[in-house]
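For the record, the sequence lines run as chains S and A.
Using our numbering, the first residue of the first sequence is number 1, and each one after it goes up by one.
Using our numbering, the first residue of the second sequence is number 109, and each one after it goes up by one.
Note that beta-carbon positions come from the ideal geometry of N, C-alpha and C, so glycine has one too.
What follows is a single structure, written as structure tokens, with notes after it.
Protein chains: 2
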Amino acid sequence: MPSSKTKDLEQAARLFHALSDQTRLRIIDCLLECEQCVCDLTDMLQAGQSRLSFHLKILKDAGILKDRREGRWIYYSLNPDTIEELQEYAGSLKTRSHAVTGGSPCCD
Amino acid sequence: MPSSKTKDLEQAARLFHALSDQTRLRIIDCLLECEQCVCDLTDMLQAGQSRLSFHLKILKDAGILKDRREGRWIYYSLNPDTIEELQEYAGSLKTRSHAVTGGSPCCD
DNA sequence: TTGACGCATCAAGAAACCTTGATTCAAATA
DNA sequence: TATTTGAATCAAGGTTTCTTGATGCGTCAA
Chain S
1 MPSSKTKDLE QAARLFHALS DQTRLRIIDC LLECEQCVCD LTDMLQAGQS
51 RLSFHLKILK DAGILKDRRE GRWIYYSLNP DTIEELQEYA GSLKTRSHAV
101 TGGSPCCD
Chain A
109 MPSSKTKDLE QAARLFHALS DQTRLRIIDC LLECEQCVCD LTDMLQAGQS
159 RLSFHLKILK DAGILKDRRE GRWIYYSLNP DTIEELQEYA GSLKTRSHAV
209 TGGSPCCD
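See the structure below:
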């Protein structure tokens, strides 16, 4: 039974892993302006369809993207909640590390 | 000759990759309070020495950690500049995506 | 100088990841 | 219904990543 801390770490690691690939960062970049369907993305990124599906799935599983079907097309868009989460994590790192800035020698 | 945009992506991907592993996130957590030497970390994280060195190197190469030698010991600490960078990236994502929130149908 | 200690690095194997092309599936059109 | 189209999934292969144990290197103490 994994503790909630372990689960947090797992979720954070998954999130960062999803962001650790240039193709996926480019996908995110394309989706900043507006939602896109897969075929638009293949054009924009000059990447094969199965390759894109692979990366889209990783981003979606990490909670970074949402999708919605409209007829034959599936539109992907950013999930603001996860972006928020990412920013909060970064922010908390900064806050917590700033509290002890200056190469503090240490605790115990 | 890679464009600066490509280099940004590369750097961002490297940064996120460094954060994409639970062991490394735990290392960062240990370093939030204060700098630590490797043997402290092996105790705290219950991890083998070579394994820790491996992960420390990845974090250091990504610019997330700094190290300093003191006699036999090498102390690792967070690099505030990179934490800042991370927060800025997350913040810019949020800003730019927020500008078009609401599942805007699109541009083309 | 020798030995012990803290740490980095190497070598090898296992696991995870990414790419490509083929197949499958669902929705739309003919 | 048969075909086409947009997209997910599968299979196979190459590449990267992670772990472990062994080795090497610098620093200190005896």
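Which whole runs of the alpha helix (DSSP H) in the region 27-87 of chain S are 4 residues long or more, in chain order? If only complete runs of 4 or more residues are kept, the region 27-87 of chain S shows the alpha helix (DSSP H) at 38-45 and 49-61, in order along the chain.
Is there contact between the region 111-130 of chain A and the region 148-162 of chain A, where contact requires at least three CB pairs shorter than 8 Å? no
For ILE172/A and ALA126/A, which I take to be in contact (beta-carbon distance under 8 Å), what is that distance rounded to the nearest angstrom? Indeed they touch by this definition, with Cβ atoms about 6 Å apart.
Residue range of the unbroken alpha helix (DSSP H) whose run includes LEU9/S: Per DSSP, the unbroken alpha helix (DSSP H) holding LEU9/S starts and ends at 4-18.
Sort LYS60/S, TYR89/S, LEU25/S and PRO80/S by Cα distance to THR203/A and report the nearest one. PRO80/S
Under a CB-based cut-off of 8 Å, is ASP129/A close to chain S? ASP129/A counts as touching chain S.
Alpha carbons only, please: which of ILE135/A, LEU140/A and ARG134/A is nearest the one belonging to HIS98/S? LEU140/A
Selection from SER200/A, LEU133/A and THR131/A that minimises the alpha carbon distance to ILE83/S: SER200/A
Interface partners of LYS94/S on chain A, CB under 9 Å: PRO188, ILE191, GLU192, LEU194 and GLN195
Could you check which residue in LEU194/A, GLN119/A, THR131/A and LEU186/A has the C-alpha nearest to that of SER158/A? Comparing Cα positions, the closest option is THR131/A.
Could you name the residues of the same chain whose beta carbon sits closer than 6 Å to that of TYR183/A, not counting the 5 residues immediately before and after it, in chain order? GLU143, CYS145 and ARG176
Can you pull out the residues from the region 168-185 of chain A whose beta carbon lies closer than 7 Å to at least one beta carbon of chain S? SER185
Closer than 8 Å by C-beta to SER128/A: which residues in its own chain qualify, once you throw out the five before and the five after it? Chain order, please. Within its own chain, no residue has a Cβ closer than 8 Å to the Cβ of SER128/A once the five positions on either side in sequence are excluded.
In chain order, what residues of the same chain lie with their CB nearer than 6 Å to the CB of TRP181/A, ignoring the 5 residues before and after it? CYS145
Taking Cβ-Cβ distances below 7 Å as the criterion, which residues of the region 3-15 of chain S are in contact with chain A? LEU9, GLU10, ALA12 and ALA13
Test: ALA198/A CB closer than 8 Å to a CB of chain S: yes
Would you say SER158/A lies against chain S (beta-carbon separation less than 8 Å)? no
PHE124/A, buried or exposed, once every other Cβ within 10 Å from all chains shown has been counted against 16: Buried: at least 16 other Cβ atoms inside 10 Å.
Give me the chain A residues within the contact set of LEU25/S, using Cβ-Cβ distance strictly less than 7 Å, ordered along the chain. In chain order: LEU117, ALA120 and ALA121.
Please determine, among GLU85/S, GLN87/S, SER77/S and ALA90/S, the residue with the shortest C-alpha to C-alpha distance to ILE27/S. SER77/S
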